[in-house]
Amino acid sequence: MIKTKYITLKSNSPLKSYYKGLGYNVSQAFIDVEISHLKKESNYYVDCACDLCDSEYKQRFSRNTGVCSKCRNKVKKKFKKSDNSLKYSDFKNWEEDIRKFTTKKDAIEFLNSKYKISLNYSTFNEVLKRLGIELLPISKILKETIIPSEIALKYNITTTRVNSIFKTNNVERPTSKREFNRNIIIRDWSLIETLNASFDIPTIIEKLNYDFSETLLRNSFYERNIPIIQHSYNKSKGEIELLEWIKSLGVDCKSIKFKTSGGLKEIDCYCPDYKFGIEYCGLWHHSYNSGKPKRYHLEKSFLMKEEHDIQIFTIFENEWINSKNLIKNMIKSRLQMNKKIFARKCTARNITAAEARKFHNKNHISGYVNSSINVGLYYENMLVSCMSFSKSRYDKNYEYEITRMSFLQGHTIVGGASKMFKFSGIKSIMTFADFRFGEGKVYEKLGFKNVGLSAPNYFYNKKGTMKLESRIKYQKHKLKNILDVYDENLSEQKNMVRNNFLTIYDCGNYKWVI
Numbered sequence: 005m006i007k008t009k010y011i012t013l014k015s016n017s018p019l020k021s022y023y024k025g026l027g028y029n030v031s032q033a034f035i036d037v038e039i040s041h042l043k044k045e046s047n048y049y050v051d052c053a054c055d056l057c058d059s060e061y062k063q064r065f066s067r068n069t070g071v072c073s074k075c076r077n078k079v080k081k082k083f084k085k086s087d088n089s090l091k092y093s094d095f096k097n098w099e100e101d102i103r104k105f106t107t108k109k110d111a112i113e114f115l116n117s118k119y120k121i122s123l124n125y126s127t128f129n130e131v132l133k134r135l136g137i138e139l140l141p142i143s144k145i146l147k148e149t150i151i152p153s154e155i156a157l158k159y160n161i162t163t164t165r166v167n168s169i170f171k172t173n174n175v176e177r178p179t180s181k182r183e184f185n186r187n188i189i190i191r192d193w194s195l196i197e198t199l200n201a202s203f204d205i206p207t208i209i210e211k212l213n214y215d216f217s218e219t220l221l222r223n224s225f226y227e228r229n230i231p232i233i234q235h236s237y238n239k240s241k242g243e244i245e246l247l248e249w250i251k252s253l254g255v256d257c258k259s260i261k262f263k264t265s266g267g268l269k270e271i272d273c274y275c276p277d278y279k280f281g282i283e284y285c286g287l288w289h290h291s292y293n294s295g296k297p298k299r300y301h302l303e304k305s306f307l308m309k310e311e312h313d314i315q316i317f318t319i320f321e322n323e324w325i326n327s328k329n330l331i332k333n334m335i336k337s338r339l340q341m342n343k344k345i346f347a348r349k350c351t352a353r354n355i356t357a358a359e360a361r362k363f364h365n366k367n368h369i370s371g372y373v374n375s376s377i378n379v380g381l382y383y384e385n386m387l388v389s390c391m392s393f394s395k396s397r398y399d400k401n402y403e404y405e406i407t408r409m410s411f412l413q414g415h416t417i418v419g420g421a422s423k424m425f426k427f428s429g430i431k432s433i434m435t436f437a438d439f440r441f442g443e444g445k446v447y448e449k450l451g452f453k454n455v456g457l458s459a460p461n462y463f464y465n466k467k468g469t470m471k472l473e474s475r476i477k478y479q480k481h482k483l484k485n486i487l488d489v490y491d492e493n494l495s496e497q498k499n500m501v502r503n504n505f506l507t508i509y510d511c512g513n514y515k516w517v518i
């Protein structure tokens, strides 16, 4: 079997030297490469190197980033010089053949098995048939499966242009990129799947993992008449569930983008009436391994607060799945929907470590941490709040540190923090406020001073699990007795990558002192 790749490049394209370095023979109009997976497979693969695990391997050519064949992490590819090359005689016959049907601006591009058609359908169909490929006409895809009135109106698409899609096999070149990337709702997926089964082009139609509707997107501004299904611009099930739940509370909530000094920033769930936004973070997509920068979450929350006065509430996928009720009550507290209890009606007293452990594990997103002093607040003999203290762990200039402060789920204790802090009688103290959930303004009311925002912390997640683990557990000197595969010469994070762990960064912590 012979696979043929055609790539169009302008005569002054800077990519010409790039492709030449990969062993492709570049002509002014296009590049033609004839490849047999039996005899010339080495020409179809390029040498790569992974930054994270330092492995070297061969992989099908693609631009920018790819998945390492060893550690399975998404990394920027390093293409190494290769001895693989093709002689012009290997494909000059194809060049002469294709010239009969194409011009300099028209070509078919096969990259990573994703078909991108940039030719008039009727003009190029004969060439494709000779290559053993039969295209799916757009009219067959769209006929009786799409309701024109349900095309996204926010893109201001005219009815005339929409109707033209149903009447012809060819779609006119779009007038703008915005129009090209319009969303179209597909109602009858059974027809789409039946049509797709009759063609050997599995990537042209791909069903999305989407609960409420299927979205058909145009893949590129330069494609004209073959639609391609993509996963882009679609929300995860958890994010959709979160958005629908907030709307069920009667709160106006939507996804929206804001301009910031750091570029456009999207808020997954934004409640304009409360100047409050929620960022739902899938573990893989928001991990350092997938390409997210270390300061991604911190900078997003900081810019939205500083430039738009919007408080971002950042939750990770595992928290929504494992502690859904707790997350819901934390959000309802920010939306001022919790039941209020006034601290003046409560009694403060010291409680045991066992009582504090049970209360924090049930009502704090991070659970209990060892402490030496625990103050509880009781309302009608029911524990409704707890503040825990320990000797200062990170800054010896202060005697104590507030390690945990939590409130009974579904309740807001008005004045509770102040009453517990005064009861403790501690004078030299510091604490941290997790910027994922806010700046810790409650400490300002207690007389604390904000001394700055720390760098992001990071956690580890074993691929396939829904659990974030502290980096303290996986310090390098401990790894030898924990990991299945360990190399003393590699860093902590590289060893974790080799053992299928993701690295996930948070938003840092605000430090408060008194």
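Numbering-wise, the sequence shown is residues 5 to 518 according to this note's numbering. Cβ coordinates follow ideal geometry from the N, Cα and C atoms, glycine included.
- For Phe363, the uninterrupted alpha helix (DSSP H) run begins and ends at Ala357 to Asn367, by DSSP.
- Scanning Met434, Leu287, Leu412 and Lys449 for the CA closest to the CA of Ser422 turns up Lys449.
- The count of Cβ pairs closer than 8 Å, one atom from the segment 297 to 310 and one from the segment 343 to 357, stays below three, leaving the stretches out of contact.
- For Ser376, the closest alpha carbon among the candidates Glu323, Tyr284 and Ile430 is that of Ile430.
- Here Arg338 carries a helix assignment [DSSP, helix/strand/coil].
- Residue range Lys453 to Leu457 is occupied by the beta strand (DSSP E) that includes Val455, with no alpha helix (DSSP H) assigned at that position.
- DSSP links Thr435 through a beta bridge to Ile406 and Trp516.
- A straight line joining the alpha-carbon of Thr416 with that of Ser337 spans about 7 Å.
- Straight across, the Cα-Cα distance linking Ile508 with Lys480 is about 17 Å.
- Nearest C-alpha to Lys395 among Val373, Leu381, Asn385 and Ser410: Val373.
- With fewer than 16 other CB atoms across the displayed protein chains lying within 10 angstroms of its CB, Leu253 is exposed.
- Taken through DSSP and simplified to helix, strand or coil, Lys344 comes out as strand.
- Residue environment: Arg353 is assigned as exposed (fewer than 16 neighbouring CB atoms within 10 Å of its CB, all protein chains considered).
- In the DSSP secondary-structure assignment, Gln315 is bridged to Phe280.
- Per the coordinates, the alpha-carbon of Asp272 lies some 22 Å from the alpha-carbon of Asn513.
- In the DSSP assignment, Phe262 falls within the beta strand (DSSP E) that extends over Lys258 to Thr264.
- For Asn461, same chain residues with a beta-carbon under 8 Å away, outside a window of 5 residues either side, are Arg475, Tyr509, Asp510, Gly512 and Asn513 in chain order.
- In this structure Ala347 does not touch Val446 by the C-beta definition: roughly 12 Å separates them, more than the 8 Å allowed.
- DSSP, reduced to helix, strand and coil, places Tyr274 within a strand of the structure shown.
- Taking a contact to require three or more Cβ pairs closer than 8 Å, the segment 245 to 261 and the segment 272 to 285 qualify as touching.
- DSSP places Asn465 inside the beta strand (DSSP E), whose first and last residues are Tyr462 to Lys466.
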